[in-house]
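K.L.:
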């Protein structure tokens with residue numbers, strides 16, 4: 001019997017990004033996966049999405065980098081006021097360079113988004 005090897009959809013999504021965006025996406029993905037161990041990841045709506053009792057967060061390619069967003073971002077505390085939204089988009093953080101990534105803050109946001117879905 002032949003075994004079928006499957007590739008993670010998010011791996012494929014990240015590999016298709018430009019080298020600059022790929023570096024940003026890999027770092028955001030690492031933070032998401034180390035923040036909460038039990039998230040399911042897949043590609044939906046043309047972005048890498050994470051689920052736990054519903055959609056939690058995502059990252060997606062943008063013109064100048066990537067967006068790191070939260071499906072329930074309007075309900076979240078945002079002490080650094082980095083979440084932005086326009087034209088009905090889910091609140092997200094614009095990431096253009098590796099310096100825009102704040103590991104502790106991003107991990108706190110992911111945990112808060114998971115907590116919202118649990119309640």
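In full-length UniProt numbering, the protein residues as written are 1 to 119.
Glycine included, each C-beta is placed from N, C-alpha and C at the ideal position.
1. By how many angstroms is the C-alpha of residue 72 removed from the C-alpha of residue 78?
2. Spell out a yes or no on whether the region 37 to 54 and the region 99 to 107 are touching, meaning 3 or more CB-CB pairs, one atom from each, closer than 8 Å.
3. Measuring straight from C-alpha to C-alpha, what distance separates residue 74 and residue 83?
4. Does the beta carbon of residue 117 fall short of 7 Å from some heavy atom of the ligand SAH?
5. Since residue 32 and residue 50 should fall inside the 8 Å C-beta cutoff, what is the C-beta to C-beta distance between them, to a whole number of angstroms?
6. Beta strand (DSSP E) containing residue 98: first to last residue?
7. Helix or strand or just coil, what does DSSP make of residue 105?
8. From which residue to which residue does the alpha helix (DSSP H) around residue 25 run?
9. Do you know how far the Cα of residue 18 is from the Cα of residue 69?
10. According to DSSP, residue 50 sits in a beta bridge with which residue or residues?
P.N.:
Quick look at the numbers:
1. Straight across, the Cα-Cα distance linking residue 78 with residue 72 is about 12 Å.
2. no
3. 9 Å
4. What this structure holds is no ligand at all, so the ligand SAH is not there to describe.
5. Confirmed, Cβ separation roughly 6 Å.
6. Taken as a continuous stretch (DSSP letters only), residue 98 belongs to no beta strand (DSSP E), as it is neither H nor E.
7. helix
8. 19 to 35
9. 20 Å
10. 41 and 57
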